[in-house]
Amino acid sequence: MKRKREGYRPLEMAAMGAATLATMLLCVCVGSVGLPLKQTATVIWNAIWGLPMPEGISSSIILSVRLPRVLCVALSGAALSLCGAAMQGLLRNPLADGSTLGVSTGASLGAVIAIAFGISFPGLPFAGTMLMAMLFGFLSLAVILSLAYRLDGSLSTNTIILVGVIWSMFISSIISLIVTFRSDKVKSITFWNMGSLQGSDYINALTLLGALILFGGVILSLTRELNAFAVGEDNARGVGVNVRRVKLTLLICVSALVGVCVSIGGSIGFVGLVTPHMARLIVGPNHKRLLPASLFGGAIFLMLADLVARVLLNPIELPIGVVTSLIGAVAFIAIFYRTRKEEAHA
Amino acid sequence: MLEVRDLTVRYGALCVADSVSFSVQPGEWLMIAGPNGAGKSTVLNAVAQAAPYTGQVLLNGRDARRIRPRERAKMLGILGQSHAVGYAFTVEEIVRLGRYAYSGPFSGGDGAEERAIDEALALTGMEPFRTHSVLTLSGGELQRAFLAQLFAQNPSLLLLDEPTNHLDLVYQKQVFELIRKWLGQPGRAAVSVVHDLSLAMKYGTHAILLNRGRVVSGGTVVEALTDGAMNAAYGMDVREWMNELYALWNLNPARMPAENGD
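Going line by line, the protein sequences match chains A and B. Residues are numbered in this note's numbering as their position in the first sequence, beginning at 1, plus a constant of 385. Residues are numbered in this note's numbering as their position in the second sequence, beginning at 1, plus a constant of 29.
Set out below in structure tokens:
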């Protein structure tokens, strides 16, 4: 009997990578000022290899505005989607994602405090928000895990979800409280909370890349454990998975990655929930395929969502979180409806 | 190969298992019987290190608490009553998980792994279902898929928690026969929780009878499941009731109502 290979072949991975790069190129070209594809490719190519730049304004638009932003969008999408896929497997719940853990809300609180009380470092205007978001993301995880651990020693999935949801509500009310007292900052807080990667730079992109390689790499090395958790925690223990250690490792990696994403792009909802879900409908629940598919799928999805945010109501730019939720919800319902219908006919 | 000494499990003030001791040697099939709430499943879960306990569980003379999960999985495997798989994994993927303890993060798909999976699928008759989603299987097929996972895991000791609880007669017989066949290899043993005393007598070599967390009787099946011990554990005349039920078969089999199968 012919066996289906569990993971992806190098060629399949290369095809997904190529699709991601093509989307990236498209997103750099299209915008308030349309740029020809060939010129864009030349500018990026020359910049990479240190060749002299062609004349004109386009190279500065490409290199200092669009490219860093598109890179950040792609990396955030990939990271959030990977985290969502990991959480959905770990907690055996298709509705879980980074925000279920309460970490993204916690990170938001950190950033809101930084914005509302003007915490910043001289010379590094964005470092205050970023550091506070990461700090509060980690603090949230620590609080959630220690509360869950006190409630039951085994860190059971239900307890983590319950504590995470309660923690999110608690933090949301604190954010509202801060907004009430700092009404002068409402606009910037609200805009940040809706999520936007406007004005991202290469440092942001490098931070995201580093976090993705480090924490994403760990997540990607735990595909078999995630398969076992997705079948059932008891089953995972039975086949020899070190349940507590793997769970703790995954939770730490996911919250670190979500914390970094939130600190750079604000809370971008839905990508971590919808992309892995769509990927699962197409490639199946095996994490050896699901995680890479979610990674590339998340990057493509968020780049396209960002493109729509930039060009739909040009020159007004929409917050990316609004677009992801709008596109995501409709696509989600459409796919869900179709598969259910097919299942009913099968 | 398994020795349990003074195993005690408490949920708050409630003592679910109270100083339970027994041992299992290679070739034996120990049946843990007793009324509902006697602590049968609790004892099994504690042995599998899935519930906190005091006392000692020794696997081949070593404290089970100190054995690393991967290594433990090669010594001991557990099959639950029912499985609620949330995602559409294929039967092959479920069985492959049984090989977790034998492979590293990026390995897998080697000859030994594929052979073990093929053998487990063949033994349980699940080969035709290899690529089927577990969400489409019947209760009996699903239980056999997880039994195949357990066979692929190849531990020397099987722990079975009412393995045929939700299964009708034909699957009940199939699963018990499969386990008996598996036990035929040297160095293997099984412990199962059963509520059906007839099954305990038919397949068990040894038994312990529990009531309210305490061992009422233990030893070979004949020694442990005496009338006196069973009457004490269940608080009723067990033999009389069994005789009443089975007398109906001899009287007029055609008159038996169909739903009395289980």
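All residues carry an ideal CB built from backbone N, CA and C; glycine is no exception.
Does the Cβ of residue 33/B have 16 or more other Cβ atoms within 10 Å, making it buried, or fewer, making it exposed?
-> buried
Quick one: what's got a C-beta closer than 7 angstroms to residue 660/A's C-beta in the same chain, skipping five residues either side?
-> 466, 469, 679, 682, 683 and 686
Residue 574/A burial status per 10 Å Cβ neighbour count (16 or more: buried) | buried
For residue 153/B, is the classification buried or exposed, using 16 other Cβ atoms within 10 angstroms of its Cβ as the cut-off for buried?
-> buried
Rounded C-alpha distance that separates residue 714/A from residue 696/A | 20 angstroms
Report the rounded CA-to-CA distance for residue 489/A versus residue 647/A, giving the unit in angstroms.
-> 6 angstroms
Using 9 angstroms as the limit for Cβ to Cβ distance, is residue 386/A near chain B?
-> For residue 386/A, the predicted model reports a pLDDT of 44, less than 50, meaning its position is unreliable; a value from the coordinates is still stated below. Output row for residue 386/A: interface = yes.
Members of the region 57-88 of chain B that neighbour chain A once the beta carbon cut-off is set at 8 angstroms | 77, 78, 79 and 81
Do we get a CB-CB distance below 9 angstroms when we pair residue 714/A with the residues of chain B?
-> no
Measure the Cβ-Cβ separation of residue 176/B and residue 108/B and say whether it is below 9 angstroms.
-> yes
Span of the alpha helix (DSSP H) around residue 37/B = From DSSP, residue 37/B is part of no alpha helix (DSSP H) but of the beta strand (DSSP E) over 31-40.
Return the Cβ separation of residue 238/B and residue 228/B in integer angstroms, given the expectation that the two are a contact with Cβ distance under 8 angstroms.
-> No, residue 238/B and residue 228/B are not in contact; Cβ-Cβ is about 14 angstroms, not under 8 angstroms.
Proximity of residue 572/A and residue 392/A at Cβ, strictly below 9 angstroms | no
List the residues of chain A that residue 130/B touches, going by C-beta distances under 8 angstroms, in chain order.
-> 624 and 625
Would you check if the distance between the CB atom of residue 146/B and the CB atom of residue 173/B is smaller than 9 angstroms?
-> no
Any C-beta of chain A sitting closer than 9 angstroms to the C-beta of residue 113/B?
-> yes
Consider the Cβ of residue 119/B: report whether some Cβ of chain A lies at a distance smaller than 9 angstroms.
-> yes
Just how far apart, CA to CA, sit residue 261/B and residue 617/A?
-> 38 angstroms
Specify, as a first and last residue, the run of the beta strand (DSSP E) that residue 60/B falls within.
-> 58-62
Could you check how far apart the C-beta atoms of residue 516/A and residue 640/A are, in whole angstroms? I think they sit under 8 angstroms.
-> Actually they are not in contact, since the Cβ atoms of residue 516/A and residue 640/A sit about 15 angstroms apart, beyond 8 angstroms.
CB contact below 9 angstroms: residue 172/B versus chain A | no
Under a three-way DSSP split, which group does residue 88/B fall into?
-> strand
Grab me the residues of residue 524/A's own chain with a C-beta within less than 7 angstroms of its C-beta, minus the 5 sequence neighbours each way, in chain order.
-> 491
Based on Cα-Cα distance, which residue from 655/A, 701/A and 693/A lies nearest to residue 481/A?
-> 655/A
Which residues in the same chain as residue 596/A place their Cβ atom closer than 6 angstroms to its Cβ, once the five residues preceding and following it in sequence are excluded?
-> 642 and 645
Listing by chain order, which chain B residues have their CB less than 7 angstroms from the CB of residue 735/A?
-> Any property of residue 735/A remains undetermined from this structure, which presents chain A solely from 386 to 731.
Neighbourhood of residue 536/A by C-beta distance below 6 angstroms, restricted to the same chain and skipping five residues each side | 544
Below 8 angstroms CB to CB, which residues in the same chain sit around residue 556/A once its five sequence neighbours on both sides are set aside?
-> 487, 490, 491, 493, 494 and 525
Exposed or buried, residue 626/A, counting other C-beta atoms within 10 Å across all chains shown (16 or more means buried)?
-> buried
Test: residue 109/B CB closer than 9 angstroms to a CB of chain A | yes
Touching by the beta-carbon criterion (3+ pairs, under 8 angstroms), the region 191-210 of chain B and the region 88-104 of chain B = no
In chain order, what residues of the same chain have a beta carbon less than 6 angstroms from the beta carbon of residue 387/A, not counting five sequence neighbours either side?
-> At residue 387/A, the pLDDT of 46 sits below 50, so the modelled position is not reliable; the number obtained from the coordinates is stated separately. Excluding residues within five positions, none has a Cβ falling inside 6 angstroms.
For residue 235/B: DSSP bridge partner residues | 59/B and 249/B
Would you verify that the beta carbon of residue 661/A is, or is not, closer than 9 angstroms to some beta carbon of chain B?
-> no
Is the region 96-114 of chain B touching the region 51-67 of chain B, taking contact as three or more C-beta pairs under 8 angstroms?
-> no
Run the CB neighbour count on residue 577/A, radius 10 Å, all protein chains shown included, and call it buried at 16 or more, exposed below.
-> buried
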